[in-house]
Amino acid sequence: MDELVLLQHRELEIAVRVWHPDAPRTLIAWHGLSRHGGDFEFLARLLGPRWRLIAPDTPGRGLSSWSLFPAYDYLYAHYMRIAIAVLDHFELTSVPWLGTSMGGLLGLLLAADASHGHRVAALILNDVGPTIEAKGLQRLANHFISTQRFTTLRALESEIRDHYQSFGIDSEAVWQRLLLGSARRLPDGSWSHHFDPRIAEQFVHDTPRDLWAAWKALHCPLMTIRGMQSDILSRQTLSTMRHHQPSTRILEVPGCGHAPMLDKSSQSAPIAAFLDTPRVRERCVPPTVGNTWWQRLLRTPRQH
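Just so you know, the sequence shown maps onto residues 960 to 1263 in this note's numbering.
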């Protein structure tokens, strides 16, 4: 990343990773359930200096705080409040949103929200939809009940390679970066994952909702990415999504399951092309030039 912004949301510190902070256009990118914003490093570099990419770490992941109250904080409703706080901090009135898995569902809920939906100028869902396949969901759940402590970094690496083999990673450099961004050393010298194991409690505490109603209610430009071997987003669900939103742009990624890493030009180029369509550009409202808090302060006459 090129910049790290730390936001305070109640008692939680939210880490926001930023690439190309001075770029003229902005894209919000939100990670999946047990990942963090660092996953978008490759996409940020591939999109290039025209795009400021803002990627928060959800509480309990990466560099953000772990919650003392998981039943209240590890919920989509709370993530939405954090997302709004991020948009407010960066003064983003209407901006494209790209979300992988959980981050995609968060963007979907935000885009369908009566009060804040206008702030999502376009929505890109990375391997997720209104219906999540039970088999894939069980596989993700098994990840949290498996071993969380490893005596060596090599043992953790082996588990990471096994769990994320569906990401379609074919570069040792990408695997190494994934390992370094996923490892956390414990007080006894052993290793574990970067995330709070209690984020899995979201499956227990979160309220089920009708995501199809949210999908049908969307009015912004839409794009859906699917790994061809995905066990989370089925072809049938993808077909139904397009039936209800016929203008949805579809990208299917070969040799990949859940979820595409977005680390190849064959994946980033279609994203860039979608973001450059006139209907997306027209909906994007940049922050007011010269209207950040410190610029307003400089313009305020001093009282004598």
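No residue lacks a Cβ here, since even glycine has one placed at the ideal position from N, Cα and C.
Tell me the rounded alpha-carbon separation between residue i and residue j.
i, j, result
"Arg-1040", "Asn-1101", "28 Å"
"Val-977", "Cys-1215", "27 Å"
"Arg-1113", "Ala-1142", "11 Å"
"Thr-1017", "Ala-974", "8 Å"
"Gln-1135", "Leu-1221", "16 Å"
"Gln-1226", "Ala-1014", "18 Å"
"Leu-965", "Pro-980", "14 Å"
"Asp-1003", "Arg-994", "First, the residue type needs correcting, since residue 1003 is Ala and not Asp in the sequence shown. Approximately 16 Å, taken between the alpha carbons."
"Phe-999", "Asp-1047", "21 Å"
"Trp-1171", "Leu-1145", "41 Å"
"Ala-1159", "Tyr-1035", "13 Å"
"Gln-1107", "Thr-1196", "33 Å"
"Leu-963", "Arg-1009", "19 Å"
"Ser-1125", "Arg-1020", "21 Å"
"Leu-1064", "Ser-1130", "28 Å"
"Thr-985", "Met-960", "15 Å"
"Pro-1213", "Phe-1001", "18 Å"
"Cys-1243", "Ser-1105", "43 Å"
"Arg-969", "Ile-987", "22 Å"
"Ala-1073", "Pro-1167", "19 Å"
"Ala-1228", "Tyr-1033", "33 Å"
"Thr-1059", "Asp-1147", "33 Å"
"Arg-1185", "Asp-1086", "5 Å"
"His-1217", "Gln-1188", "7 Å"
"His-1153", "Asp-1121", "17 Å"
"Leu-1099", "Pro-1245", "37 Å"
"Tyr-1038", "Leu-1022", "16 Å"
Could you give the residue range of the beta strand (DSSP E) that holds residue i?
i, result
"Ile-1119", "Counting along the chain, Ile-1119 falls outside any beta strand (DSSP E), though it belongs to the alpha helix (DSSP H) covering 1112 to 1122."
"Arg-1168", "No beta strand (DSSP E) holds Arg-1168; DSSP gives it neither H nor E."
"Thr-1196", "Where Thr-1196 is concerned, there is no enclosing beta strand (DSSP E), although the alpha helix (DSSP H) it sits in stretches over 1194 to 1203."
In its own chain, which residues sit with a C-beta less than 7 Å from the C-beta of residue i, not counting the 5 before and 5 after it?
i, result
"Glu-1092", "Asp-1190, Ile-1191 and Ser-1193"
"Arg-1201", "Thr-1207 and Ile-1209"
"Arg-1255", "Residue placement at Arg-1255 cannot be trusted, given a pLDDT of 36 that sits under 50; what the coordinates show is reported in the next sentence. For Arg-1255, where only same-chain residues beyond five positions count, there are no Cβ hits under 7 Å."
"Gly-1062", "Trp-989, His-990 and Gly-991"
"Ser-954", "Only positions 960 to 1263 of the chain appear in the structure, and residue 954 is not among them; the question remains open."
"Ile-1043", "His-1075"
"Asp-1165", "Leu-1034 and Tyr-1035"
"Ala-1231", "Leu-1006"
"Ala-1071", "Ala-1173, Ala-1176 and Leu-1177"
Leaving out five residues before and five after residue i in sequence, what residues of the same chain have Cβ atoms less than 8 Å from its Cβ?
i, result
"Phe-1109", "Leu-1115, Glu-1118, Ser-1149, Trp-1150 and Ser-1151"
"Tyr-1123", "Leu-1137"
"Thr-1236", "Pro-1180"
"Ile-1128", "Trp-1134, Leu-1137, Met-1220 and Asp-1222"
"Lys-1175", "His-1203 and Gln-1204"
So what does residue i bridge to, in DSSP terms?
i, result
"Pro-1015", "Val-975"
"His-1152", "Ala-1142"
"Gln-967", "Glu-972"
"Val-1087", "Paired residue(s): none; Val-1087 is not in a bridge."
"Thr-1183", "Leu-1084 and Ile-1209"
"Phe-1109", "Trp-1150"
"Glu-962", "Val-977"
"Val-1133", "In DSSP, Val-1133 forms no bridge with anything."
"Val-1163", "BP columns for Val-1163 are empty, so no partner."
Which same chain residues end up closer than 6 Å to residue i when comparing Cβ atoms and leaving out the 5 residues on each side of it in sequence?
i, result
"Leu-971", "Pro-1018 and Ser-1024"
"Ala-1081", "Pro-1055, Cys-1179, Pro-1180 and Val-1239"
"Met-1182", "Ile-1083, Arg-1208 and Phe-1233"
"Arg-1314", "As shown, the chain starts at 960 and ends at 1263. That puts residue 1314 outside it, with no answer to give."
"Thr-1111", "none"
"Gly-1140", "Gly-997"
"Gln-967", "none"
"Leu-1067", "Ala-1173"
"Pro-1156", "Gln-1107"
"Pro-1029", "Arg-1157 and Glu-1160"
"Pro-1089", "Leu-1170, Trp-1171 and Trp-1174"
"Lys-1094", "Asp-1190"
Note the first and the last residue of the continuous alpha helix (DSSP H) segment covering residue i.
i, result
"Arg-1098", "1093 to 1104"
"Pro-1029", "1029 to 1032"
"Leu-1234", "1224 to 1234"
"Val-1239", "1237 to 1240"
Please find out if some non-hydrogen atom of the ligand SAM comes closer than 7 Å to the beta-carbon of residue i.
i, result
"Gln-967", "By its list of ligands, the structure shown contains no ligand whatsoever, and the ligand SAM lies outside what it can speak to."
*Can you check the stretch 984 to 1072 for any beta strand (DSSP E) of at least 3 residues that lies completely inside it and give the ranges in chain order?*
984 to 989, 1010 to 1015 and 1054 to 1059
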